[in-house]
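To start, the structure under review is shown below, and the notes come after it.
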Amino acid sequence: MYAWTGGAKAGDFVVSLGGYHPAYNAPVHYPRPQRLGFVWSPASDITVRAEAYAAVTPAALMFGGRLAAVYDKGILSAWFTAHLDVLVQWKPFSMDVSLGISIGVAATVKVAFIKVRISVEVGVDLHLWLPPFGGRATVKLWFISFSFGFGSSRDHSPSVDWPEFRTQIPAPVRVTPNEGLLADVDEAEAAVRAAAKDPVLVSCAGFSFTTEAGIPASHIYVNDVLWKESEHGLIDIRPMRRTGVRSEHRVAITKDGTPFDPAAHFWTLAEVTAAVAPGLWGEPLAKPGDALKGEHLFEGRFTGLKVTLPAPDYGTDTGTVTSDALAYEGLPDGDMPLRDPAPDGPQPALDPDSIALIERTVADPAVAEQRGSVLDALARFGAGVGADADSPLTGYAGLAGRSLTTPPLTTTATR
1 MYAWTGGAKA
11 GDFVVSLGGY
21 HPAYNAPVHY
31 PRPQRLGFVW
41 SPASDITVRA
51 EAYAAVTPAA
61 LMFGGRLAAV
71 YDKGILSAWF
81 TAHLDVLVQW
91 KPFSMDVSLG
101 ISIGVAATVK
111 VAFIKVRISV
121 EVGVDLHLWL
131 PPFGGRATVK
141 LWFISFSFGF
151 GSSRDHSPSV
161 DWPEFRTQIP
171 APVRVTPNEG
181 LLADVDEAEA
191 AVRAAAKDPV
201 LVSCAGFSFT
211 TEAGIPASHI
221 YVNDVLWKES
231 EHGLIDIRPM
241 RRTGVRSEHR
251 VAITKDGTPF
261 DPAAHFWTLA
271 EVTAAVAPGL
281 WGEPLAKPGD
291 ALKGEHLFEG
301 RFTGLKVTLP
311 APDYGTDTGT
321 VTSDALAYEG
331 LPDGDMPLRD
341 PAPDGPQPAL
351 DPDSIALIER
361 TVADPAVAEQ
371 RGSVLDALAR
381 FGAGVGADAD
391 SPLTGYAGLA
401 GRSLTTPPLT
411 TTATR
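Take the sequence shown: its letter number 66 is residue 66 in this note's numbering, and every next letter is one higher.
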């Protein structure tokens, strides 16, 4: 499986097992897998060969295979072959099927002093297509063969109308910010703003956006003025069997409800091009099998417009600063108490025996377990102090009496 997401081949893909339809001219950038198959010899004079393939491209789905068996006993030989090749297109649906079978036998006989090789082969090849249903059969009988057709002819492929064709097109048009979009709201609020079609905030330090359509354009208009015409001319719509269709990509830029001239404000405009599938935008086919011929992607087709705002031109000074910008509102003076007279929760108290208490309890297993619970709770709230903080503190218990010069304040923790 290969898929191209960028560059001139963007949008192209191929999935192949064992190669492609015999009539398919694969592009040079497609892989070339060998046929899937096997060779089996159940006896020294019998050989069975089989091969198969299946592939999906933007133009078609194809699959098929071949089976052959040969018996060779010297003066006598026999063979059997069968093949199947299927090509399917969609929207509009069409199918092309070729299959056949043949059986033959050959023998060497001696007439007087001359050896003569005599062979006889019979077979049938059948070619079917739809819609409308039709086909052609070829019958081979030894030294003669004849063909006959039935059903409808293959003068043209079926077509679809615009409502049906529109279901095949991706999002008709979309506007994508490339850079400079300010994420001023959370995802839920952004969804509400988008649904209401409210304006978005962008950076004054540079902004660009791209308009893209699922339909290639022959002309691009900006504020109802022709900006550029495609060198490829008008477009074709293969499923609708339409040629020479004018397709216009129109972009309107307004400010306070009036047209805004981007060129006068040094905005940069550039066309967006992409590769499009001939299955949608190619010329109508005379018959379904023609999908295997010609280009596999049409490159360089107009699909949108990129608009880039110029970067800000910073000055060399701050400019005029008004007195209002420097004004401030003073706050009245007031008392700031050194201690809250009525604090919430337990209050620390002076304990002359607190150093001895630390020596006795800081490394106690029960105290260490409680300390670990506190650290776990802090970690759950995103305030963890690290893995090394939860240590047994046995060394500190021995150092407390020598390192603490003043009894620390103590208090009782509450849950």
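Note that beta-carbon positions come from the ideal geometry of N, C-alpha and C, so glycine has one too.
Model, not experiment: these values are computed from the prediction.
- Here histidine 219 is actually not in contact with glutamate 212; their C-beta atoms are around 16 angstroms apart, not less than 8 angstroms.
- Contact check for asparagine 223 against valine 251 passes: the beta carbons are separated by less than 9 angstroms.
- About 13 angstroms separates the Cβ atoms of glycine 104 and valine 124, ruling out a contact at the 8 angstroms cut-off.
- CA-CA distance, alanine 383 to glycine 401, rounds to 31 angstroms.
- The criterion of a C-beta distance shorter than 9 angstroms is satisfied by alanine 54 and methionine 62.
- Excluding its 5 nearest sequence neighbours in each direction, lysine 110 has no C-beta neighbour in its own chain below 6 angstroms.
- Here aspartate 45 has Tyr71, Asp72, Lys73 as same chain residues with Cβ atoms under 8 angstroms from its own Cβ, once five neighbours each way along the sequence are excluded.
- Distances from the alpha-carbon of aspartate 351 to those of Phe298, Asp388, Thr411, Thr394 put Thr411 closest.
- Here the C-alpha atom of histidine 83 lies approximately 14 angstroms from the C-alpha atom of leucine 128.
- Close CB contacts of serine 77 within its chain, under the 8 angstroms cut and outside five residues either way in sequence, are with Val70, Tyr71, Val105, Ala106, Ala107 (chain order).
- Contact annotation: the stretch 332-343 does not touch the stretch 236-251, with fewer than three C-beta pairs closer than 8 angstroms.
- In chain order, Thr138, Val139 place their CB closer than 8 angstroms to the CB of serine 145, counting only its own chain and leaving out the 5 sequence neighbours on each side.
- Proximity of the stretch 266-278 to the stretch 301-309 meets the contact definition, three or more beta-carbon pairs being nearer than 8 angstroms.
- Around the beta carbon of glutamine 347, fewer than 16 other beta carbons lie within 10 angstroms, which makes this residue exposed.
- Counted as a single uninterrupted DSSP element, the alpha helix (DSSP H) harbouring serine 373 occupies residues 365-380.
- If you draw a straight line from the Cα of threonine 81 to the Cα of valine 48, it is about 10 angstroms long.
- Linking arginine 66 to alanine 52 through their CA atoms gives a straight-line distance of about 6 angstroms.
- The beta carbon of serine 147 lies closer than 8 angstroms to those of Arg136, Ala137, Thr138, Val139 in the same chain, with the five residues before and after it left out.
- One Cα belongs to methionine 95, the other to serine 153, and the distance between them is close to 14 angstroms.
- Partner residues in the beta bridge of proline 259, as assigned by DSSP, are Thr254.
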